[in-house]
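Let me begin by presenting the structure, written as structure tokens, before commenting on it.
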Amino acid sequence: MMRKTQVWVLVSSLLFLELLCSRTDASNPGIMVRITQKGLNYAISELVVTLEKELLTINLPDFKGNFKIKHLGRGEYNFKRLRILSVEIKNSILDLEPGEGLKASISDAFIHVDGNWGARKYFVRLSGSFDCRVKGISISVSLGLSSDSAGRPTVTNTQCSSEIDDVDIDISGRDGWLLNLFQSQIESKFRRVLGDKICEIVKKSLASDLQPYLQTLPVIAKIDSIAGMDYSLSGSPQATSHSLDTPFKGEFFRQSHQSLAPFEPLAINLPDDNYLMVYFGISDSVFNTASQVYWEAGIMNYTITDDMIPSDFHIRLFTSSFRALVPQLGKLYPNMQMELQLSTSSPPIMVFNPGKVTLSPVMDLQAFVILPNSLRAPLFSLSVETTVWATMGVNGSRLVSSVNAGSSLTMELKHSYIGPINVPLIQAILNYYALNTLLPAVNENLEIGFPLPLPRDIQLKDLIVQPSKNFLLLGANVLYAKN
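Just so we're on the same page, this note's numbering is the position in the sequence shown counted from 1, plus 1094.
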């Protein structure tokens, strides 16, 4: 039988494990970006275009060697002013290596080279030109993926190898037959020189092109004068058997100060789908941190004045318009301007479910009369509840939204400073104000949206936007449109 001390150690250990497991949820990203095999295929096609251009810039070194021919003895040869005329890469693929990264494979590539040759034996010098066609080039490059201290993705070359199936050299010149006698030796030299240069240019391209391009992914984006967005990676990109997943923190913060978000994202379960190139899973916590930030900044407090009421509505924000609804109002404050102030006691929470996004804000509405001395005298206060439907969309590279009234405002009198009031009639009027004044004002702010974490020159097309349980699913094909 276990002693009490052993029991308490066991219980403490189990509680500690439970604590660790509960903290694991906190590490879930706010935004998960998944690149499918279709997306990787598009990426390698764009990389090949860049690589073909880079290979054209290779400065091949001069090389020389010795020859020995019966009856002629030993001599020297050299090839110089080597120039790459054309490059063609026919087959390429970017494979996923689960747990490690990516592997780029290129096969059946072709390089056309020309230049000059020379040969010497004692005081005898021979020269001419040559034309070389390098066929069946294969290149294999392994890429390691990680993130730097700023939270940007990084890529490193962990392995590069190249093979050449065939080197066909056509040597011209009056005495070109001489070099043809040891053509295999020359071809072997070409294989080594090109093989080394190919991997050298691949490494250079990764360092000078791909890595700087990845650095264009935003880490901190300014949304407006109030809020910013933290896009830093919350972990390294992970290659699985079917996709490349990259986790982003995805959290709004105040520009004036940054504090811990009160929301922890739940796990995002993206679909195993290869129909589109890229999928974004945007946790409801992202939107709710935005709600928290703007609520703290007081942006969710709205004031409705008469000049905001549509001109065709006959009930104005003047006490004379409300005389029939609240008779004592006209007596106490004859023909004075009114003002409505709407505030929320807590940030509205967006709830994501398959096919729909809803908010159910709880608000306080206070009515004031503006006195001749510009002071405001309170009239009455109401508690207001409603359900609002949110619609998500994409404008360029920004995620935008709008809200529509899912149900009418439901009001309850909290306090009246002017005696009894007809709440149902007041409610009908304020519903009109909300639909025609408040919602347009809210949607004007929501149209700004926030940018998606995309590197430079990437455009999205064929978009789908689909609310899912606890997150928003966004899918798209990608177009690289370099300016």
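A virtual CB, placed ideally from N, CA and C, is assigned to each residue, including glycine. Note that the structure is predicted; figures quoted are calculated from it, not measured.
Test item: CB-CB of residue i and residue j under 8 Å
i	j	result
C1458	S1475	Here residue 1458 turns out to be Asp, not Cys, going by the sequence shown. For D1458 and S1475, yes; Cβs fall inside 8 Å.
T1413	N1429	yes
E1182	F1204	yes
P1442	S1502	no
G1212	F1224	no
S1199	S1234	yes
M1444	N1498	no
G1543	S1496	no
L1465	M1126	no
S1330	L1190	no
G1195	A1333	yes
Y1373	P1549	no
R1492	P1545	yes
I1512	L1419	no
Candidates the options, of which the one nearest residue i by Cα
i	options	result
H1351	S1326, S1337 and I1320	I1320
S1232	S1186, L1220, R1492 and L1190	S1186
F1357	P1518, D1400, G1289 and G1344	G1344
G1392	Q1349, T1438, G1513 and M1402	T1438
S1180	E1541, L1423, L1149 and G1159	L1149
G1500	V1380, L1493 and T1485	T1485
S1562	K1450, Y1527, A1384 and N1539	K1450
N1175	E1140, V1207 and G1193	A quick correction: the sequence has Arg, not Asn, at residue 1175. Of E1140, V1207 and G1193, the residue nearest in Cα terms is V1207.
S1278	V1142, Y1307, E1506 and D1264	D1264
G1238	V1228, L1419, S1256 and P1192	P1192
G1487	D1556, T1340 and N1368	D1556
G1159	N1153, T1151 and R1168	R1168
Cβ-based neighbour list, residue i, same chain, cut-off 7 Å, excluding 5 preceding and 5 following
i	result
F1565	I1362, G1375, I1376, S1377, D1378 and F1446
A1461	M1432, L1434, L1473 and F1474
R1285	I1258 and V1261
Residue i - containing beta strand (DSSP E), residue span
i	result
N1447	M1444 to N1447
L1493	R1492 to A1499
E1257	P1247 to I1265
Q1560	I1552 to S1562
Q1460	V1456 to I1464
Q1435	M1432 to T1438
L1308	From DSSP, L1308 is part of no beta strand (DSSP E) but of the alpha helix (DSSP H) over Q1305 to L1308.
L1567	F1565 to Y1574
Endpoints, alpha helix (DSSP H) assigned at residue i
i	result
E1538	L1533 to L1540
I1362	No alpha helix (DSSP H) contains I1362, which DSSP labels as neither H nor E.
I1523	V1517 to Y1527
Cβ-based neighbour list, residue i, same chain, cut-off 8 Å, excluding 5 preceding and 5 following
i	result
V1313	A1244, G1245, R1246, D1324, Y1325 and S1326
I1558	L1370, L1567, L1568, G1569 and A1570
I1138	S1186, I1187, L1188 and A1198
Cβ shell of residue i (< 6 Å), same chain only, five flanking positions each side left out
i	result
S1116	Here the model assigns S1116 a pLDDT of 35, short of 50, so the residue's position is not dependable and the matter cannot be decided.
E1479	V1456 and T1504
L1436	Y1396, M1457 and L1459
Q1521	M1505
Closer than 7 Å: residue i CB and nearest the ligand ATP heavy atom
i	result
T1310	The ligand content of the structure shown is nil, which means the ligand ATP is not present either.
Run through the stretch 1348 to 1425 for me and flag every whole alpha helix (DSSP H) of 4 or more residues, listed as ranges in chain order.
1378 to 1390
Considering only residues of the stretch 1144 to 1198, which uninterrupted beta strand (DSSP E) runs meet the minimum length of 3 residues and lie entirely inside it, listed in chain order?
1157 to 1163 and 1167 to 1191
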